[in-house]
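Chains as they are written, first to last, in our numbering: chain W, 337 to 1096; chain A, 337 to 1096. Ideal placement from N, C-alpha and C gives every residue a C-beta, glycine not left out. This report refers to the structure that appears directly beneath it.
There are 2 protein chains.
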Amino acid sequence: MGSSLNKPLADRVQDIDGQSSMVFDPWKIRPEIINSTTEMSTNTSVTHRRRNHRLSPLEKQKMKNIQSLNFTVNDNLLQRAEFEKTTKGFHLKKTFGKWIICLFLGIIVGCIAYIIKTVVQLLQGLKFHYTNYYVSKGLQSEAFLTFSGINLLFVCLSCLMVIVAGPLASSSGIPEVKGYLNGVKVPESLGFRSLFGKIISLILSYSSGLFVGPEGPMIHIGSAVGAAISQFKSSTLGFYPDLFLNYRNDRDKRDFISVGAATGISAAFGAPIGGVLFSIEEVSSFWSRQLTWRTFFCCMIATFTSNFLLQGMGSSPDMHDSGLLTFGFSRLYLYRYSELLCFCILGLVGGIFGATFVFLNIHLNKWRKEKLKQNPFLRLFEALFVSICTSIICYYASFIFGCRYQSNIIIETSVCEDQSNTEMVQFFCPNGMYSELGSLLFGNPDQALRRLYSRTLNMFTLPSLVVFTVISFVFSIWSSGLWVAGGLFVPMMMVGAGFGRLFGQLLSLWFTGIDSSIYALVGSAAMMAGYCRMTICIVVIMVELTEGTQYLVPIILAVMIAKWVGDFFNESVYEHLMEQKYIPFLQTLPPHSTNNIRITNVMSKNVVVLPEVCQVKTLISVLNNNNHNAFPVINRGITGDQRLYRGIILRDHILVLLFNRVFYRGTGEEIYLDENFDFKQFQKETSKKPPQLSEMEFDYYESESYIDLRPYMNSSGITIHNTFSFVEAYKLFRNMGLRHLPVIDINNEVVGIVTRKDML
Amino acid sequence: MGSSLNKPLADRVQDIDGQSSMVFDPWKIRPEIINSTTEMSTNTSVTHRRRNHRLSPLEKQKMKNIQSLNFTVNDNLLQRAEFEKTTKGFHLKKTFGKWIICLFLGIIVGCIAYIIKTVVQLLQGLKFHYTNYYVSKGLQSEAFLTFSGINLLFVCLSCLMVIVAGPLASSSGIPEVKGYLNGVKVPESLGFRSLFGKIISLILSYSSGLFVGPEGPMIHIGSAVGAAISQFKSSTLGFYPDLFLNYRNDRDKRDFISVGAATGISAAFGAPIGGVLFSIEEVSSFWSRQLTWRTFFCCMIATFTSNFLLQGMGSSPDMHDSGLLTFGFSRLYLYRYSELLCFCILGLVGGIFGATFVFLNIHLNKWRKEKLKQNPFLRLFEALFVSICTSIICYYASFIFGCRYQSNIIIETSVCEDQSNTEMVQFFCPNGMYSELGSLLFGNPDQALRRLYSRTLNMFTLPSLVVFTVISFVFSIWSSGLWVAGGLFVPMMMVGAGFGRLFGQLLSLWFTGIDSSIYALVGSAAMMAGYCRMTICIVVIMVELTEGTQYLVPIILAVMIAKWVGDFFNESVYEHLMEQKYIPFLQTLPPHSTNNIRITNVMSKNVVVLPEVCQVKTLISVLNNNNHNAFPVINRGITGDQRLYRGIILRDHILVLLFNRVFYRGTGEEIYLDENFDFKQFQKETSKKPPQLSEMEFDYYESESYIDLRPYMNSSGITIHNTFSFVEAYKLFRNMGLRHLPVIDINNEVVGIVTRKDML
């Protein structure tokens, strides 16, 4: 054994100040020239509001249970030995497998979208069937009781589903997915339980008439399916088939989740390109060209599957991959240059409304978190209360305005489109007449949107549009964050279409030739951009939904302005939700306020290091005495008391080595690769749930044995010098998807370590 | 002065083998267990054809004159001192400035697109005006002479323009732009000379009837404008205004070039979203969310500007941001599920044709490079020869087939679109009749495409489509690579539309209800994907061009299949062109064949290092004796003979320090920041063309002075340990956009350096 083995085998590099205690370090700077920034200045100027925010100790504590993911390749000697043997076939097979997984992912997500849409249609059909039975008889209170009763039942079941499956099945789940793709795992967020809970809760809540949409949850569902299908294991059952072994790592899983998120939104909107762009622009933190292609393929499969099923599985030979909300196609009338100014105003309004929505919704959620906590009864009660209020308003609002004659609606004949969406809801009106608000609120949201986008001239009166906009805005704020599954896209589109059409009709009082349906469309886009701050993705989704590119310029203009205006006030709703959920999200670039910080100011000096060859009993005591997830492996150097960086090893891998009793059989400094524990075996064991230290028992002989960490540690682990600035270290950390970043000094001694939470 | 200053002041770290000569390095591996890969194995299996290819010494030599770019921030002490002073306003101003630059970029590129389109229309109009004068009189040879004479004149001028402006003004310029965005600068490629040369050459070549399109060059033009407007300097005139100082670095320039490339294609196609996706999917190697937004904004401005100008600058108040090739909108008939199989076949054909195109074009270009070299006469002669051949074929091919009755064309009435594009070319036919091939070949390509996409039933006969496809395929291959500016998008769309319509009409012989115009559309998309291997970008461009999303599934399907099939045979035409032009392009991931290589196998051990404080005469002799672009700065350590890594400094920065005589005034190891040479000054000087060493003269006192490199060297330079594998180092290099990557050993001594060319 080398002399280094007789030294104390693990030590803490504590209280080492890389700046001052070094014997030879000319990195001293005369303090009168540069003031060294010893701690984070809290009053530094920033360009963005939220970025002012520094984590409080409580928040840091709450983030503790969210584990970071290993997106880096553990490039150890075992893997290198394995690579010597791999052939062209292996890589081809792995790539081919990814495409096959994407194919199945697309089909499954498409089927789920189909099931959700069909069941929702069925449930809503039933609801309106029974309600309309009383409506047609003119029995107001019976009709209301039936309507609100069914709604209440659906919401109750939906909320119970969330209570059973856990709160992660509620809301949209986008913050959790975004978090995972950024590098942290919210426990249980992509598990089977939340998947099934979310599907059922979504079906019920969307059928219940609450102001929630199916798109957000579909993203979560897609991601969960992506995670499940690519991993294909069950830690509960201890089922780990070898077939998917090569994909069973955080990096490949992340890619499939990226694909899944895109696929979910594609299937929900019937928008394959919009889905890909959503993943690129909003949810994914890591992207590659290869991923673009696979995502695109998968989105196409999902859209096709869901359309194929919805159109009766080929029972009609003609197919139509139309958008959900066909908008009609006019070549005769478009818009004038002067109207571009109006579209800018719509963008401004969308931005302000969006920012207001974020502000109110986030504060409501904060209140919920403080008052209702995780108490299922209070949560259920709240959901039911919102349901009753929604039912009352949606039902009785229609009585404010009188009935109007269906025959008075003027249809634009120049538009090349079937105008079936001008069929309005009769409600309690006499035959041949229709109720304005009933047509918007008493029905499903898709129909309401279609009516708002319909190219007719005098379908709605101004007051009814005002009332509709206010109602949908208030209830969207209130419904988001309830313990039911539900997203925000459709409610926000309704709000936007409401004020857009209102604005268009207002304009047409003074100007001639204004087509208010275009304003409704642009308003929807502006409102969506205003609350979630996406741009190109929203534009493409609107184009795919409405099947036409004629209104590209107005939509893009409004979306860009809405985003700028919204960003002026606050950040997107997902950013705020992630903050509220204590998800440690790393933005692309660090805030400007960190410009003056050096890495030595933020790094943790409390590094526990391990020698290259380490005794079992030392390993056990080190693992027991701290909860670090990675340990730099060091060499004692010539003097025998140095901590020269050699590599880094993960706690889980040490546990696997201990569990499998992979002891060192050599003498001196040779590295042996254990034939019984080759790369395949190592990969298999590390892809399982890590063994518990408490479940392992070692006899005296075993505890005295040594384990050689060198073949298993990451030899290509990235390190930085202690001269780094925080900003450059952040970029490295973020771009490479790191989890741990050891800091070395001029002698290659480990003086600190940076983890994800130090970067926030 | 410290003791280290008396040592020899710069030395070469040569012949140091990190593997064996170290006193204390346990990284030895028993050879019988792991065979160390001492050199690149040439017979290792790879998954991709071209990746088998290793650079020959000749190729490496040719790559020498292509300099790498500095995408990393030079995070030195000066910058840190400057950051202490910067306020919120500074960052806000910088961000705001980027948006303003994008605004102007969009307007300028839009105007250029307008100018090109208008002038081309004018020139083509003149050409056909004179030719048709003789045609209408029935004078065949006079008409031909006029036609071919004008074509010849245009080609001649176009080629002369390239000869004057340099060969970089020819072809599309996409490889050069891709190269720049990947991190290397082809000299002159984005300069004013090639910009103007390209614009004029493009106008002439596109008017001349050659099978070239305007889109590729527009990408180059957009990039060059982006580079020019964001830098706003002239090294020839020595004009360096301070206003744009903050953007005058390779990193910001790169981002504006990314934006410019997207804007160019947006303006050319009238496709803002397609442009953004083109930049994301094809040309850009580095991307961020912020860039998405700016690119999107800029593309919108460019598209809007060019449409606004084309539609008569608001002379008509109505506006229409239509695609160039409106396709018509049918809701009654779409396609059947069974036809999806046919679209797959089209994808297959597109892939095979695309791969064939790449193969033939690349070999032709290789032949050109070997035989014609850079000889302007041969190049001019070739261009003229191709022009004459094109004129002959395009003119006389029409006589092969008889005339057909215009009134026989059956127009699909279910399609909601003005059918003005069914107006055919009469050529030498009697009144009321038209010439089939004349309608396709004797006119401008836009019209030909519109006719191929027109929703009519019996416009073309099968033989004429066969002849058209063959002619356009052959001439596209031949025309690409001539010394005239010209891209491939439009010619490839014509080939694809030709065989697509042919296939559709063939099918309609056996099956009823086939709409061959859809096949033409899908064929175009498949052909484009087949030659350039883009996917989502092509789909979006096709949608934006044809203004409808009804045929999304067939297009996506054909594009994906064409890409797969093409990739089976070779790589995209741009990859091959980059190889031919010796542009050292780094793919996202290294080839699998490099899995077994370690960084010590590829790194250059011939590192020239500099001490932290260095004498002027030493610096001069070091700079004179080698042509390295960066030098690791080292510390002598306690023993005085170590080479401990401290930072890295660029040659250009040393030259600036020498030129400005920034000598060290301190004693010992203190670092002084020179008040007369602060960050602003440093930034200003380094953004200029670097001073020449030969132009500097130092007296004896100056040569004996010292320069302290510490305040100017990059203290946040990334290093790797010599235990790294090649693949992980490659990822780091590629993801962080590095130019130099020093390799350190267990003692932090510099043992090697990796540059871009070592990564190939």
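Check whether chain W comes within 8 Å of residue i, counting only Cβ atoms and requiring the distance to be less than that.
i	result
asparagine 1083/A	yes
threonine 936/A	no
asparagine 931/A	yes
valine 1090/A	no
arginine 416/A	yes
threonine 1055/A	yes
phenylalanine 847/A	no
leucine 1045/A	no
threonine 599/A	no
threonine 797/A	no
valine 612/A	yes
Identify the contact partners of residue i in chain W, using a Cβ-Cβ distance below 8 Å as the criterion.
i	result
valine 1079/A	The contacting residues do not exist; valine 1079/A stays about 12 Å from chain W at best.
Name, please, each residue of chain A whose Cβ falls closer than 8 Å to the Cβ of residue i.
i	result
asparagine 406/W	Within 8 Å Cβ-Cβ: nothing; asparagine 406/W doesn't reach chain A, min ~14 Å.
serine 1061/W	Asp411, Arg416, Ser1051 and Ser1052
Output, in chain order, the set of chain A residues within a Cβ distance shorter than 7 Å of residue i.
i	result
arginine 625/W	Glu617 and Thr924
State the DSSP-derived secondary structure class of residue i, mapped to helix, strand or coil.
i	result
aspartate 1094/W	helix
asparagine 697/A	helix
glycine 983/A	strand
tyrosine 918/A	coil
valine 382/W	Residue placement at valine 382/W is flagged as unreliable, the pLDDT there being 27, under the threshold of 50; the coordinate-derived value follows with that caveat. Three-state result, valine 382/W: coil.
methionine 554/A	helix
alanine 966/A	strand
valine 761/W	coil
asparagine 1050/W	strand
serine 507/A	strand
Within 8 Å of any Cβ in chain A, is that where the Cβ of residue i sits?
i	result
asparagine 1071/W	yes
leucine 289/W	The requested residue 289/W does not occur in the structure, where chain W is confined to residues 337 to 1096.
serine 1052/W	yes
methionine 636/W	yes
asparagine 518/W	no
proline 550/W	no
valine 858/W	no
glycine 983/W	yes
methionine 896/W	yes
Report the partner residues of residue i according to the DSSP bridge assignment.
i	result
threonine 792/A	Ile747/A
lysine 521/W	Gln403/W
glutamate 1085/W	Leu980/W
phenylalanine 575/W	Ser570/W
Between which residues of its own chain and residue i is the CB-CB distance below 7 Å, once the five residues before and five after are set aside?
i	result
glycine 1073/W	Phe407, Thr408, Gly519 and Phe622
asparagine 1154/W	Since the first and last residues shown for chain W are 337 and 1096, residue 1154/W lies out of range.
If I measure Cβ to Cβ from residue i and keep anything under 8 Å in the same chain, skipping five residues before and after, which residues do I get?
i	result
serine 719/W	Note on identity: in this sequence residue 719/W is alanine, with serine being the wrong assignment. Answer for alanine 719/W: Val491, Cys492, Ser494, Cys495, Leu818, Trp819 and Val820, listed in chain order.
So which residues of chain A does residue i contact, with C-beta pairs closer than 9 Å?
i	result
threonine 871/W	Thr628, Trp629, Phe632 and Phe633
glutamate 880/W	Val879, Thr885 and Leu888
Name, please, each residue of chain W whose Cβ falls closer than 9 Å to the Cβ of residue i.
i	result
aspartate 1094/A	The premise fails here: aspartate 1094/A is roughly 16 Å from chain W at the closest Cβ pair, so nothing lies under 9 Å.
Going along the chain, which residues of its own chain have a beta-carbon closer than 6 Å to the beta-carbon of residue i, five neighbours each way excluded?
i	result
alanine 856/W	Leu788, Tyr789, Ala833, Gly836 and Arg837
What residues from chain W crowd round residue i, counting only those whose CB sits closer than 7 Å?
i	result
glutamate 1064/A	Val409, Asp411 and Ser1052
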